[in-house]
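Okay, structure first, notes after.
Residue numbers (the working numbering): 28 to 154.
The following block contains the structure:
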């Protein structure tokens with residue numbers, strides 16, 4: 028089974044939805060990245076980007092795209108968390124929950140190019 032099907036079928040709980048905050052459609056993600064919507068779907072299937080269904084449509088956390096690119100380190104972090112057994116909603120919850128040791132959230136740290144710290148914590152979760 029590919030991750031793509033799980034990505035767009037998983038139910039998002041209100042708590043995680045609130046943690047993430049701003050969401051964008053796949054079309055908006057494509058626009059912000061300067062690529063075609065089909066390429067966004069490819070990024071999702073390659074686990075370089077993550078989307079979940081909200082209101083019946085797959086949406087991407089807006090924070091995953093910064094300055095016209097997918098934030099550096101996101102793909103590797105998504106892979107580590109998936110390997111640790113996290114589903115997509117658990118992954119979002121982890122990425123958007125404040126961690127005093129970073130400080131901030133893992134997604135903020137990735138945006139600030141502190142991916143090594145984030146991946147170190149994600150690897151620790153796998154054990």
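Glycine included, every Cβ here is placed at the ideal spot set by N, Cα and C.
(request) Pair every Cβ in the segment 53–65 with every Cβ in the segment 104–116, then say whether three or more of these pairs are closer than 8 Å. (result) Judged by pairs of C-beta atoms under 8 Å, the segment 53–65 does not touch the segment 104–116, as fewer than three such pairs exist.
(message) Considering Cα atoms alone, identify which of 114, 125, 149 is closest to residue 100.
(response) 149
(request) Could you pull out every unbroken beta strand (DSSP E) segment of at least 3 residues lying fully inside the segment 82–139, listed in chain order? (result) Here the runs fully enclosed are 84–88.
(request) Return the first residue and the last residue of the alpha helix (DSSP H) that residue 38 is part of. (result) Counting along the chain, residue 38 falls outside any alpha helix (DSSP H), and DSSP gives it neither H nor E.
(request) Tell me whether residue 59 sits in a helix, a strand or coil according to DSSP, three-state version. (result) helix
(message) Quick check on this structure: which residue in 48, 135, 123 has the alpha carbon closest to the alpha carbon of residue 81?
(response) 48
(message) So the candidates are 87, 59, 51, 55; which of them puts its Cα closest to the Cα of residue 118?
(response) 87
(message) Output needed for residue 54: all residues of its chain with C-beta closer than 6 Å, excluding positions within five of it in sequence on either side, in chain order.
(response) 64
(message) Just to check my reading of the structure: residue 50 and residue 89 have Cβ atoms closer than 8 Å, yes? What is that Cβ distance to the nearest angstrom?
(response) 6 Å
(request) Just the C-alpha distance for residue 140 and residue 71, rounded to the nearest angstrom, thanks. (result) Counting only the Cα atoms, residue 71 lies some 22 Å from residue 140.
(request) Following the continuous alpha helix (DSSP H) through residue 73, name the residue where it begins and the one where it ends. (result) Segment: none, residue 73 is in no alpha helix (DSSP H) and carries neither H nor E.
(message) If you follow the alpha helix (DSSP H) that residue 146 is in, where does it begin and where does it stop?
(response) 142–152
(request) Return the chain-ordered list of same chain residues with a C-beta closer than 8 Å to the C-beta of residue 92, the five sequence neighbours on each side being excluded. (result) 51, 56, 59, 60, 98
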